[in-house]
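Novice: Mind having a look at this structure? Questions to follow.
In my numbering, the protein residues as written are 14 to 192.
Here it is as structure tokens:
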């Protein structure tokens with residue numbers, strides 16, 4: 014687990030294989046998701062591992078059960094760390110937002126994602142910084158909209174985006190449950 018290039022290739026292969034439904038279950042029960050998260054934690058400065066790891070997590074999040082398991086395993090802070098460490102890397106931002114969106118499709122995960130420090134700012138920052146990348150735009154907007162922050166995020170000024178994020182947090186705090 015110490016050789017970054019091998020870890021990156023392994024995460025990429027896992028991501029590609031995890032698109033097949035029969036492997037999603039196997040990967041979750043056989044510790045593959047743990048291995049991906051471990052590789053991402055151990056190689057935080059490697060954008061290849063972070064991008065491929067986020068893609069693998071996104072593709073493994075097949076069922077509601079898998080989504081909840083991934084959040085319990087700590088996928089949300091690992092994805093946040095990847096996106097925060099590599100704000101300039103389009104693939105990390107796109108795959109990170111894609112993974113978060115997959116995890117968000119399980120309603121119970123919204124609160125965990127909203128409570129992750131700085132995550133909303135990181136997602137909004139990715140949408141703003143990568144305005145010319147269609148995948149970052151699509152995945153970032155999907156996450157923000159799933160969290161109750163609607164509108165064309167790529168066309169929203171920074172103060173207005175901050176307000177929308179603040180509004181989503183205020184709604185979350187006022188309900189005491191998911192948005």
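Virtual Cβ for every residue (Gly too), placed ideally from N, Cα, C. Since we're looking at a predicted model, the values are computed, not measured.
1) My output table needs one value for residue 31: the three-state DSSP class, helix, strand or coil.
2) In the structure shown, what three-state DSSP assignment does residue 103 receive?
3) Suppose the cutoff is 8 Å on Cβ atoms and the five residues either side in sequence are ignored; what does the same chain contact list for residue 101 look like?
4) Could you pull out every residue in the same chain whose Cβ sits closer than 7 Å to the Cβ of residue 41, ignoring the five residues on either side in sequence?
5) Assign residue 131 to one of three DSSP states: helix, strand, or coil.
6) Can you grab the Cα-Cα spacing for the pair residue 106 / residue 153, in whole Å?
7) According to DSSP, is residue 160 part of a helix, a strand, or is it coil?
8) Quick check on DSSP: helix, strand or coil for residue 47?
9) Thinking C-alpha only, which one of 93, 112, 121 is nearest residue 138?
10) My assumption, with CB atoms under 8 Å, is that residue 26 sits in contact with residue 62. Please give the rounded CB distance.
11) Work out the CA separation of residue 52 and residue 60 for me, nearest whole Å.
12) Looking at C-alpha atoms only, which residue of 136, 86, 28, 114 is the closest neighbour of residue 99?
13) Just checking my contact of residue 47 with residue 86 at CB under 8 Å: how many whole Å lie between their CB atoms?
14) Taking the continuous alpha helix (DSSP H) assigned at residue 68, which residues delimit it?
15) Taking 6 Å as the limit between beta carbons, can you name the residues of its chain near residue 167, skipping five residues before and five after?
16) Using only the alpha-carbon positions, how far apart do residue 95 and residue 64 sit?
17) Please list the terminal residues of the continuous alpha helix (DSSP H) segment that includes residue 77.
18) By how many angstroms is the C-alpha of residue 69 removed from the C-alpha of residue 29?
Specialist: So, from the listed chains and residues:
1) Your numbering for residue 31 matches position 18 in the chain shown. Secondary structure at residue 31: coil, using DSSP grouped into helix, strand and coil.
2) On the chain shown, position 90 is the one that residue 103 refers to. The answer is helix: DSSP assigns residue 103 an H, G or I state.
3) Taking the first residue of the chain shown as 1, we reach residue 101 at position 88. Counting only Cβ-Cβ distances below 8 Å, and skipping sequence neighbours, we find 142.
4) Within the chain shown, numbered from 1, the residue matching residue 41 stands at position 28. Hits under 7 Å: 73, 79, 82.
5) Here residue 131 is taken as the residue at index 118 of the chain shown, counted from 1. Of the three classes helix, strand and coil, the one that applies to residue 131 here is coil, per DSSP.
6) What you label residue 106 is simply residue 93 of the chain shown in a count that begins at 1. What you label residue 153 is simply residue 140 of the chain shown in a count that begins at 1. Those two C-alpha atoms are separated by around 8 Å.
7) Counted from its first residue, the chain shown places residue 160 at position 147. DSSP places residue 160 in coil when its eight states are reduced to three.
8) On the chain shown, position 34 is the one that residue 47 refers to. Residue 47 falls in the helix class under three-state DSSP.
9) What you label residue 138 is simply residue 125 of the chain shown in a count that begins at 1. Of the candidates 93, 112, 121, the one whose C-alpha sits nearest the C-alpha of residue 138 is 93.
10) Start at 1 with the first residue of the chain shown, and residue 26 comes out as number 13. Start at 1 with the first residue of the chain shown, and residue 62 comes out as number 49. With 8 Å as the limit, residue 26 and residue 62 do not qualify as a contact, their Cβ atoms being about 12 Å apart.
11) Here residue 60 corresponds to residue number 47 of the chain shown, with the count starting at 1. Here residue 52 corresponds to residue number 39 of the chain shown, with the count starting at 1. Put simply, the backbone Cα of residue 60 is about 12 Å away from that of residue 52.
12) For this step, residue 99 is matched to residue 86 along the chain shown. The candidate whose alpha carbon is nearest that of residue 99 is 136.
13) Start at 1 with the first residue of the chain shown, and residue 47 comes out as number 34. Start at 1 with the first residue of the chain shown, and residue 86 comes out as number 73. Their Cβ separation, rounded to whole angstroms, is 7 Å, which keeps residue 47 and residue 86 in contact under 8 Å.
14) Translated into the one-based positions of the chain shown, residue 68 becomes position 55. For residue 68, the enclosing alpha helix (DSSP H) has its first and last residue at 60–73.
15) Translated into the one-based positions of the chain shown, residue 167 becomes position 154. Because residue 167 carries a pLDDT of 47, less than 50, the predicted location of this residue cannot be relied on, and no value is offered for it.
16) For the purposes of this step, residue 95 is taken as the residue at position 82 of the chain shown. For the purposes of this step, residue 64 is taken as the residue at position 51 of the chain shown. Across the structure, residue 95 and residue 64 are spaced so that their CA atoms are roughly 8 Å apart.
17) For this step, residue 77 is matched to residue 64 along the chain shown. DSSP places residue 77 inside the alpha helix (DSSP H), whose first and last residues are 77–85.
18) The residue you call residue 29 lines up with position 16 of the chain shown. The residue you call residue 69 lines up with position 56 of the chain shown. Rounded to the nearest whole angstrom, the CA to CA distance from residue 29 to residue 69 is 7 Å.
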